[in-house]
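For the sequence shown, my numbering assigns the number -10 to the initial residue and increments by one for each residue that follows.
Each residue gets a CB set at the ideal place from its N, CA and C atoms; glycine is no exception.
The structure displayed is predicted, hence computed values, not measured ones.
First up is the structure itself, then whatever we jot down about it.
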Amino acid sequence: SKWEAHMQAFAAFERNMPEVIDLHSIPWPPEGDLINLAGTREEDQKKRLKDLVRRWHPDKWEGRALNPAKRDKILSKVTSIFQRVETEKKKLGL
């Protein structure tokens, strides 16, 4: 699935973080259902949400070596994803 491919790509990104992170080097999550939780247990939903909050929290990205020319765009996109995660949390009552 697109989600599985994203998870694998992001794990590889974290293992081999580029010296300077550019917009195209970040494995962005697929569009649409960010959490992709249909049919999963509540415990698994909470774990995935916790992982996504940690992964996409803007503060985590502030300290990374982002390409200065793309920094604002990267942080804007990260913030947008983080807001999607927060929206999903609220929908699930978490």
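Whole angstroms is fine: what's the gap from Gly52's alpha carbon to Met6's?
Taking the sequence shown and counting its residues from 1, one reaches residue 52 at position 63. Taking the sequence shown and counting its residues from 1, one reaches residue 6 at position 17. Looking at the two C-alpha atoms, the distance is approximately 13 Å.
Could you tell me the distance, in whole angstroms, from the CA atom of Glu77 to the CA atom of Gln34?
Taking the first residue of the sequence shown as position 1, residue 77 is located at position 88. Taking the first residue of the sequence shown as position 1, residue 34 is located at position 45. Those two C-alpha atoms are separated by around 10 Å.
Within 8 Å, strictly: CB atoms of Leu41 and Val74:
Taking the sequence shown and counting its residues from 1, one reaches residue 41 at position 52. Taking the sequence shown and counting its residues from 1, one reaches residue 74 at position 85. Result yes, Cβ atoms of Leu41 and Val74 sit closer than 8 Å.
Proximity of Leu38 and Trp50 at Cβ, strictly below 8 Å:
Locating residue 38 in the sequence shown gives position 49, counting from the first residue. Locating residue 50 in the sequence shown gives position 61, counting from the first residue. Against a cut-off of 8 Å, the Cβ pair of Trp50 and Leu38 comes out as no contact.
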